[in-house]
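J.: Protein sequences appear in the order of chains A and B.
Number 284 in my numbering belongs to position 284 of the first sequence; there are no gaps in the numbering.
Number 172 in my numbering belongs to position 172 of the second sequence; there are no gaps in the numbering.
Here's a structure for you.
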Amino acid sequence: METFLGLDYNVWWYLVFGAVISGYAILDGFDLGAGALHLLLNKELSRRIALNAIGPVWDGNEVWLVIGGGALFAGFPVAYAAIFSAFYVPFMIFLVGLIFRGVAIEFRSKEPGLLWRKTWDIVYCVASIIISLSLGLMLGNVALGISLNEQKEFNGDWLSFFNFFSIMVAITTLALFMMHGAIYLVMKTENRLYTKLYILARQFIIFFVLSFVITTLYTLLYVPHLGDFFREHPTSFIIPVLMVLAIANIPRQLKIGKYRYAFISSSVTISLLLIMVALEVFPYLLYSRTNPDNSITIQNAAASAKTMKILLIIALIGTPLVATYTSFVFWTFKGKVKLDETSY
Amino acid sequence: MDVEILARIQFAFTIAFHYIYPPLSIGLGLLLVVFEGLYLKTGNKMYEQITRFWIKIFALIFGIGVATGIIMEFEFGTNWATYSKYVGDIFGSALAAEGIFAFALESGFLGILIFGWNRVSSKVHFFSTVMVFLGSMFSAIWIVVANSWQQTPAGYHIVGSGMEARAEITDFWAMVFNPSSVDRLIHVWIAAFLAGIFLVLSVNAWYILKGKHLEIAKPSFKIALVAATVFSLLQLFAGHRSADVVYKHQPAKLAALEGHYDSMAVADMFLLGYVDNKNQKVTGIKIPGGLSFLTQFDFKKPVKGLNAFKPDERPSQVNTIFQFYHIMIGIGMFMIALTLYASWLAFKNKLFEKRWLMWVFVWAVLGPQIANQTGWFAAEMGRQPWVVYGLLKTSDALSKTVTANQVVFSLILFTVVYMLLLVLFLYLLNKKIQHGPVDYGTKEDIDEGSKRDNPILDHSNGQNAAPAH
């Protein structure tokens, strides 16, 4: 097993994959959250400002999903094959959701008609909600494990994906994104729209905390194996503690007007949540509930050591490049939204 | 219908629909770089108008390209799980490289391209345009590399056997520069340039016919015509080189392209024809020994035919492949004739007098599109029954867990959604073309944006570096 700085390549690539997924959840998370709350904004001008707040960046954010998909395909092809064929139906709905979200943003501004715009507002909002829910549903099932056969392919009934635990994870994901999106919009707006979003942000914090608590309680009572890691490694308890602190910090920062810190706190919350899931699931990429021997791990799903090495080199070259121009784009559009003739 | 046919139909449908858009983005990207470069160099407002007009159309095309492109990345996993496991080591790395080196570049700078006019200097904006164009070119590199590896695998070895078998990289650069990569990439790039260039020609020809925006349409047309002529001619050589690679590495495909059955005989080249697969006979207009000559510069030398391969190791849809291939070539020849004739008229200063020719250009936008589609269909169907040539059969590449009903569900879903997208795309494209380029010099008609809405919010604080005007 080839290693780099004491960790073998497969673990490194798992970390890279995790970082990309986390980046996707943070970046597209606020786009999706903004979309999910879109219909709660009543005025045409408010909706335009909200759309233009994500306008120049949402496409770049979605790229993280593409990179994540490529990272899984290249590094853990067995997991890529198993996950997407298993979640066939929810994933197709997710993809169609992505299509509609994208074109709704793009098409809405192209016609002045009221009906046209209202239609795309609804499409945009519903698509964002469906994307968030299906992402959460799939995450819940990955955490829980699904039924895999000896060829490491799904052999169960896809309706079993709609179990209580996964549905709760789906709702929590939606709540998390709505909170995150509202905070982002608070950061980007002024005056009355800002006040409205500020109130919404506080409500979504409560929505998120409630659904998170219910999911956690349910996990502790009915899915105890998802707590094994934290029981065995008491020091790791620092992670949930940090997460609670990060959540608690959000309303505090909002109150004193430090929106950027509130946004960072909610981004940290997303990362810590994913880290918790990853720690619980590790070293499994997809756990087989029916026969643990058929589980997909980061070892038995991995590409060859040679490919892993190539991928890590690609990541080492690519990451600084992507980070540089992503920051440049965000910096260019920093500050409150100002509409001009190029806006949506 | 069985899962294999359904999954193939779905893949073909989703990729064919997707492939309307990326070539347009690449080709338009090239002209955007030219137009904006001219604006930067000359300071002539006209070029700014042209650039801004085409960026709006670029945004529309790019949006649908992205929306339909994401499907493609995941369709390998959803419908072709066995394939994904088999080639993940190789194909996956190309896709990952595409995501990080190309797509991220393109999508990142797209925001500045579309929304950045008033936020960055004109030089930074031009830089963003170049980056978006390069990003789309890089995308093509990795996608063509991945596909070329399926056509002419190299730099790998097979590990395991039966269901566990998979290809692993032994030499990354040999994988990237497999025998067909470079020639096919150039062929695809030029085809993409032509798709975008002919869109620009079409729109401007229409303006000229309608007597609208003449001061902009005529120079735009001439610039695009130069590019169209150059690339149409270059495509002749690039196409020939691609065919030569097929001759050397995929003889069964080459035989199918010309409907050449005899296992070892002098091969003809057809201009038009029809293949009777059952009786192994082609009727049509032909150049005797033409294929022999094109591949070996000798009318008398034999070429391997379809019968040299076992029936289950050669393509079966010979007539379809033959027709698609010949449609592509026909269109290529037509574009050469059309652009050369138009260039000659332009040289004589008579170009815009010929209304019929302008009408031809209005409709010629379909030429590269049809050639792109038929060319790819010929390439992909000609590779059958293999998904990775000589290594893995398409019928063995499926997801075993996905049922026919599930594929019917997603196929119907995509059909409905894509038809809707196509209608909306054509409607909005037409609307933007009708609206035409606007003069950014005067505040009154600054944009449809100001007319369509409440007064623009004016927050002058923090407005940095407005463009030259």
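Virtual Cβ for every residue (Gly too), placed ideally from N, Cα, C.
Please read all numbers here as calculations on a predicted model, not as lab measurements.
With DSSP run on the structure shown, which of helix, strand or coil describes Lys443/B?
T.: The pLDDT assigned to Lys443/B is 41, lower than 50, so where the model puts this residue is not dependable, and the model offers no usable value.
J.: If I follow the unbroken beta strand (DSSP E) through Met264/B, where does it start and stop?
T.: Met264/B -> beta strand (DSSP E) spans Met264 to Val266.
J.: Does Thr387/B come out as helix, strand or coil in the three-state DSSP assignment?
T.: It is worth fixing the name first, because residue 387/B is Val in this sequence and not Thr. In the structure shown, Val387/B sits in a strand (DSSP, three-state: E or B).
J.: Less than 8 Å between the C-beta atoms of Ala378/B and Ile321/B, yes or no?
T.: Yes, they are a contact pair.
J.: For the structure I just gave you, are there three or more beta carbon pairs, one from the region 23-32 of chain A and one from the region 283-291 of chain A, closer than 8 Å?
T.: Taking 8 Å as the limit for Cβ pairs, the verdict is that the region 283-291 of chain A does not touch the region 23-32 of chain A.
J.: Does any residue of chain B have a CB that is nearer than 8 Å to the CB of Met187/A?
T.: False, the Cβ-Cβ gap to chain B never drops below 8 Å.
J.: What residues of chain A sit near Ala552/B, judged by a beta carbon separation below 8 Å?
T.: What is shown of chain B runs 1 to 469, which leaves residue 552/B out entirely.
J.: Assign Thr189/A to one of three DSSP states: helix, strand, or coil.
T.: DSSP places Thr189/A in coil when its eight states are reduced to three.
J.: Under the three-state reduction of DSSP, which class applies to Gly289/B: helix, strand or coil?
T.: Three-state result, Gly289/B: coil.
J.: Assuming Lys222/B contacts Ala346/B under a Cβ cut-off of 8 Å, what Cβ separation, rounded to an integer in Å, is found between them?
T.: Their Cβ separation, rounded to whole angstroms, is 6 Å, which keeps Lys222/B and Ala346/B in contact under 8 Å.
J.: At least one CB of chain B closer than 8 Å to the CB of Ala86/A: is that the case?
T.: So yes, Ala86/A belongs to the interface.
J.: So, for Met179/A: in the same chain, excluding its five sequence neighbours on each side, which residues have a beta-carbon less than 8 Å away from its beta-carbon?
T.: Same-chain partners within the cutoff: Gly33, Ala201, Phe204, Ile205, Phe207, Phe208, Ile250 and Ser266.
J.: Ignore the nearest five residues each way along the sequence and tell me which others in Asp2/B's own chain have a CB closer than 8 Å to its CB.
T.: Closer than 8 Å at the Cβ level, and outside the excluded window around Asp2/B, lie Ala404.
J.: Out of Trp80/B, Ile50/B, Phe58/B and Met72/B, which has the shortest C-alpha to C-alpha gap to Ala4/B?
T.: Looking at the sequence provided, one finds Glu at residue 4/B rather than Ala. Checked all of Trp80/B, Ile50/B, Phe58/B and Met72/B; the closest Cα to Glu4/B is Trp80/B.
J.: Going by Cα to Cα distance, which pick from Ile167/A, Lys110/A and Ala74/A is closest to Val87/B?
T.: Of Ile167/A, Lys110/A and Ala74/A, the residue nearest in Cα terms is Ala74/A.
J.: To the nearest angstrom, report how far apart Thr9/A and Tyr83/B are at their CA atoms.
T.: Sequence check: residue 9/A is Tyr here, not Thr. If you take the alpha carbons of Tyr9/A and Tyr83/B, they lie about 24 Å apart.
J.: Can you tell me whether Ile112/B sits near the ligand MN, meaning its C-beta is under 7 Å from at least one heavy atom of the ligand?
T.: This structure lacks the ligand MN; in fact it carries no ligand of any kind.
J.: From Ala19/A to Arg48/A, what distance separates their C-alpha atoms?
T.: About 32 Å.
J.: Tell me whether the beta-carbon of Leu294/B lies closer than 8 Å to the beta-carbon of Ile285/B.
T.: No.
J.: Mapping the DSSP letters down to three states, classify Val145/B as helix, strand or coil.
T.: DSSP places Val145/B in helix when its eight states are reduced to three.
J.: Any beta-carbon of chain A closer than 8 Å to the one on Arg119/B?
T.: True, the Cβ-Cβ gap to chain A drops below 8 Å.
J.: Which residue comes first and which comes last in the beta strand (DSSP E) that contains Ala506/B?
T.: Here chain B has residues from 1 to 469 only, and residue 506/B is not among them.
J.: For Leu15/A, does the count of other Cβ atoms within 10 angstroms reach 16, so buried, or fall short, so exposed?
T.: By the neighbour-count rule (16 or more Cβ atoms within 10 Å), Leu15/A is not buried but exposed.
J.: Mark Met333/B as exposed unless 16 or more other C-beta atoms lie within 10 angstroms of its C-beta, in which case mark it buried.
T.: Exposed.
J.: Assuming Thr374/B and Ile327/B are in contact, meaning their beta carbons sit under 8 Å apart, how far apart are those beta carbons, in whole angstroms?
T.: So it is a contact: roughly 5 Å between Cβ atoms.
J.: Could you say if the region 136-153 of chain B and the region 11-18 of chain B meet the contact criterion of at least three C-beta pairs nearer than 8 Å?
T.: As far as the Cβ criterion goes, the region 136-153 of chain B does not touch the region 11-18 of chain B, which means the pair count is below three.
J.: DSSP three-state label for Phe13/B, please.
T.: In the structure shown, Phe13/B sits in a helix (DSSP, three-state: H, G or I).
J.: Do Met46/B and Pro219/B have their beta-carbon atoms positioned less than 8 Å apart in this structure?
T.: In this structure, Met46/B lies closer than 8 Å to Pro219/B by Cβ.
J.: Enumerate in chain order the residues of its own chain whose CB-to-CB distance from Leu234/B is below 6 Å, with the five nearest sequence positions on each side excluded.
T.: Ile190, listed in sequence order.
J.: Output, in chain order, the set of chain A residues within a Cβ distance shorter than 8 Å of Lys45/B.
T.: None at all; the shortest Cβ gap to chain A is about 15 Å.
J.: DSSP three-state call for Leu271/B: helix, strand or coil?
T.: Note: Leu271/B maps to strand in three-state DSSP.
J.: Scan the region 140-167 of chain A for residues whose Cβ lies nearer than 7 Å to a Cβ of chain B and list them as they occur along the chain.
T.: Cβ contacts with chain B come from Gln151, Glu153, Phe154 and Asn155.
J.: Identify whether Phe126/B lies in helix, strand or coil by the three-state DSSP scheme.
T.: In this structure, Phe126/B counts as helix in the three-state DSSP scheme.
J.: Does the Cβ of Lys443/B have 16 or more other Cβ atoms within 10 Å, making it buried, or fewer, making it exposed?
T.: Reliability of the predicted coordinates at Lys443/B is poor, the pLDDT of 41 falling under 50, and the value obtained from them is presented with this limitation in mind. Lys443/B comes out exposed.
J.: Any beta-carbon of chain A closer than 8 Å to the one on Gln49/B?
T.: Taking Cβ atoms only, chain A never reaches closer than 8 Å to Gln49/B, which makes this a no.
J.: Helix, strand or coil for Lys85/B, going by three-state DSSP, please let me know.
T.: If DSSP states are grouped into helix, strand and coil, Lys85/B belongs with the helices.
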